[in-house]
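Trainee: Just dropping this structure here.
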């Protein structure tokens, strides 16, 4: 394995929730403020042509003792199976990386207004990509029942 990778945030989540809460993210509106020392406003040119963006971010507030590398019951629910860290989307990931597709509401220079981004105020944003149908999953999507139950109130 190689040594550590260093990433510089491209911006930060501003507003929305101050604390992580597991459900009802679809109503949360936030902004992503891109770093003006790294980007000019043309970095977002034509982004408003897309309805959704994929945001890659860092769970920077997850303490070391909450990082999972093995199996656990999602949300601590013993009625759901033990599943490995790579079979779930919890925030206690080995590299603290989160990825979410959210609705892009507006673009104003280096400020993006979004809805449904499950990241809290102050979260470092690592990258943003437009959602293109050509990159959506091809074929049938399969998931276990516990995942459907977990996501029932998430958005």
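In the numbering used here, the protein residues as written are 807 to 961.
In this text, a Cβ means the ideal position worked out from N, Cα and C, and glycines have one as well.
(1) Roughly how many whole angstroms lie between the Cα atoms of residue 888 and residue 877?
(2) Where does residue 846 sit, in a helix, a strand or coil, going by DSSP?
(3) Report buried or exposed for residue 885, applying the criterion of at least 16 other Cβ atoms within 10 angstroms of its Cβ.
(4) So the alpha helix (DSSP H) residue 912 belongs to, where does it begin and stop?
(5) Compare the Cα-Cα distances from residue 879 to each of 956, 961 and 960 and report the closest residue.
(6) Out of 882, 858, 815 and 825, state which residue places its alpha-carbon closest to the alpha-carbon of residue 909.
(7) Per DSSP, what kind of secondary structure is residue 818 in: helix, strand or coil?
Mentor: In this structure, then:
(1) 6 angstroms
(2) Here DSSP, grouped into helix, strand and coil, assigns residue 846 to coil.
(3) exposed
(4) In the DSSP assignment, residue 912 falls outside any alpha helix (DSSP H) and within the unbroken beta strand (DSSP E) covering 903-914.
(5) 956
(6) 858
(7) strand
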